[in-house]
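Student:
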Amino acid sequence: ERAAEQLAAATREEEAKREAKGVAASRNKSADEMVTASRQVMESARKKLEEVESLAHIVSEAKVGFEKEIEETWMPLKAGAFPPKEWRARQKAIEHASELLTQAEIPASLAAAVPLVLKEKLESRTDFSAQVVEHADIALREHVASIATQLEGHQATVESQTQAVAKAEGEVKAAEAELAATLNAQIEAENTWVDADSAVRDLKVAIGSFGETGEQLDSELMASRTSLEKLQSLVGRFEGLRASTEVQLMDAVAEVPKDVSAEVLAHKVEDMAAQPPADPPADVPADSVESEGHHAVSTESSAA
Numbered sequence: 067e068r069a070a071e072q073l074a075a076a077t078r079e080e081e082a083k084r085e086a087k088g089v090a091a092s093r094n095k096s097a098d099e100m101v102t103a104s105r106q107v108m109e110s111a112r113k114k115l116e117e118v119e120s121l122a123h124i125v126s127e128a129k130v131g132f133e134k135e136i137e138e139t140w141m142p143l144k145a146g147a148f149p150p151k152e153w154r155a156r157q158k159a160i161e162h163a164s165e166l167l168t169q170a171e172i173p174a175s176l177a178a179a180v181p182l183v184l185k186e187k188l189e190s191r192t193d194f195s196a197q198v199v200e201h202a203d204i205a206l207r208e209h210v211a212s213i214a215t216q217l218e219g220h221q222a223t224v225e226s227q228t229q230a231v232a233k234a235e236g237e238v239k240a241a242e243a244e245l246a247a248t249l250n251a252q253i254e255a256e257n258t259w260v261d262a263d264s265a266v267r268d269l270k271v272a273i274g275s276f277g278e279t280g281e282q283l284d285s286e287l288m289a290s291r292t293s294l295e296k297l298q299s300l301v302g303r304f305e306g307l308r309a310s311t312e313v314q315l316m317d318a319v320a321e322v323p324k325d326v327s328a329e330v331l332a333h334k335v336e337d338m339a340a341q342p343p344a345d346p347p348a349d350v351p352a353d354s355v356e357s358e359g360h361h362a363v364s365t366e367s368s369a370a
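Every number in my numbering is 66 more than the matching position in the sequence shown, counting from 1.
#1: By how many angstroms is the C-alpha of A147 removed from the C-alpha of W153?
#2: Would the beta-carbon of N63 fall within 8 Å of that of T248?
#3: Alpha carbon to alpha carbon, how far is A69 from A86?
#4: Can you tell me where the alpha helix (DSSP H) holding G88 begins and where it ends?
#5: In angstroms with no decimal places, state the Cα-to-Cα distance between A90 and M288.
#6: I need the DSSP call for E171, collapsed to helix, strand or coil.
#7: Buried or exposed: where does V130 fall if 16 or more other Cβ atoms within 10 Å of its Cβ makes it buried?
#8: Cβ atoms of L182 and T139: under 8 Å apart, would you say?
#9: For P149, name the three-state secondary structure that DSSP assigns.
#10: What distance in whole Å lies between the Cβ atoms of Q197 and A111, which are believed to be in contact at a cut-off of 8 Å?
#11: Go through its chain and collect everything with a Cβ distance to L245's Cβ below 8 Å, but skip five positions before and after it.
#12: To the nearest angstrom, report how far apart R267 and Q252 are at their CA atoms.
#13: Under 8 Å, do A211 and V180 count as touching if we go by C-beta distance?
#14: Given a cut-off of 8 Å on the beta-carbon distance, is the pair S195 and E189 in contact?
#15: Name the residue from A74, E81, H123 whose alpha carbon lies nearest to the alpha carbon of E256.
#16: Grouping DSSP H, G and I as helix and E and B as strand, with all else coil, what is T192?
#17: Who are the near neighbours of L71 in its chain, counting only those whose CB is closer than 6 Å to its CB and skipping five residues on each side?
#18: What's the C-alpha gap between K134 and E242?
#19: Of the choices V224, K151, K144, whose alpha-carbon is the least far from that of I204?
#20: Between H220 and the ligand GDP, is the CB less than 7 Å from at least one heavy atom?
#21: Taking all protein chains shown into account, do 16 or more other C-beta atoms lie within 10 angstroms of the C-beta of R156, making it buried, or fewer, making it exposed?
#22: If you draw a straight line from the alpha carbon of L115 to that of S104, how long is it in whole angstroms?
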């Protein structure tokens, strides 16, 4: 009964540990899914950061390049720095300046007037020509300012996305830490459950061995009882044989004449004792009866 109570308690403990093991496994699975999701967010944030950084770099280079072209191409034309003999170089510069103005998206009328004005000598430019050059110069400067504004926007996006990447990386680290913690908890729960399950198995084996031992003891008890019954039967038969032998001796003594000497009487008793006893019953082994008869005669002899 005590073993059954112990088994029941161990079984309840094993069930509780198995449930705890399942909870730990579920938490670990959720933590693993969270790590996967956070890593995807982080990779997406990093990819976007690369894109905005690339775009900001392109805009920055465009601004630097445009400013350089203004200084190297537009400013000499505006100042009339090309001598007459360098008219070919001046013409190339005018063509290049027209491309810059096209990027600045100046009006078509202004774009058509600029090349004509830039071919004039500085001292020959009229007020109209001076206004054309001034408007063209303002357009180029405004375009540079527009590029700078775009660059600032891209740089702000880069900064914001950098923060997003840092946040995503922090979430990944937190998720990985949670995953490690839940994994350790799952391993501990598994080990605890294994111990509880082993305890149940050991108790079942012990109870099973108790049953086998009980059956063996019952069998040995039955065999002992059978042997005892046989021994008691033999003792009863021995007592019967001894009583029969005593009666025969008493009868023989009674038949002896009263004038017979004691020595003759002793010889007669010895002769009767030397005779074999009557045949034993069929169900009693002969050697057992002989042994019993022998002891009986010896006892009677000693008594005589």
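Yeah, the Cβ is synthetic: ideal placement off N, Cα and C, and Gly gets one too.
Tutor: From the atom records:
#1: Each residue's CA atom was taken as its position, placing W153 and A147 some 11 Å apart.
#2: Outside the displayed span of the chain (67 to 370) sits residue 63, for which this structure offers no information.
#3: For A69 and A86, the distance between alpha carbons rounds to 25 Å.
#4: In this chain, the alpha helix (DSSP H) harbouring G88 covers 68–135.
#5: The straight-line gap from Cα to Cα measures roughly 54 Å.
#6: Note: E171 maps to coil in three-state DSSP.
#7: Classification for V130: exposed.
#8: A distance of 8 Å or more separates the beta carbons of T139 and L182.
#9: Correct three-state label for P149: coil.
#10: Actually they are not in contact, since the Cβ atoms of A111 and Q197 sit about 51 Å apart, beyond 8 Å.
#11: Around L245: N94, A97, D98, M100, V101.
#12: Their Cα atoms are separated by approximately 22 Å.
#13: Going by C-beta atoms, A211 is not nearer than 8 Å to V180.
#14: Contact flag unset, no.
#15: Among A74, E81, H123, the Cα nearest to that of E256 is on E81.
#16: Three-state DSSP puts T192 in coil, outside helix and strand.
#17: Per the sequence presented here, residue 71 reads as Glu, with Leu not at that position. Within the same chain, E71 has no close Cβ partners at all.
#18: Distance between the alpha carbons of K134 and E242 is about 50 Å.
#19: When each option's Cα is compared against that of I204, the closest is K144.
#20: By its list of ligands, the structure shown contains no ligand whatsoever, and the ligand GDP lies outside what it can speak to.
#21: With a 10 Å radius around the Cβ and a threshold of 16 neighbouring Cβ atoms, R156 comes out buried.
#22: Roughly 16 Å separates the two Cα atoms.
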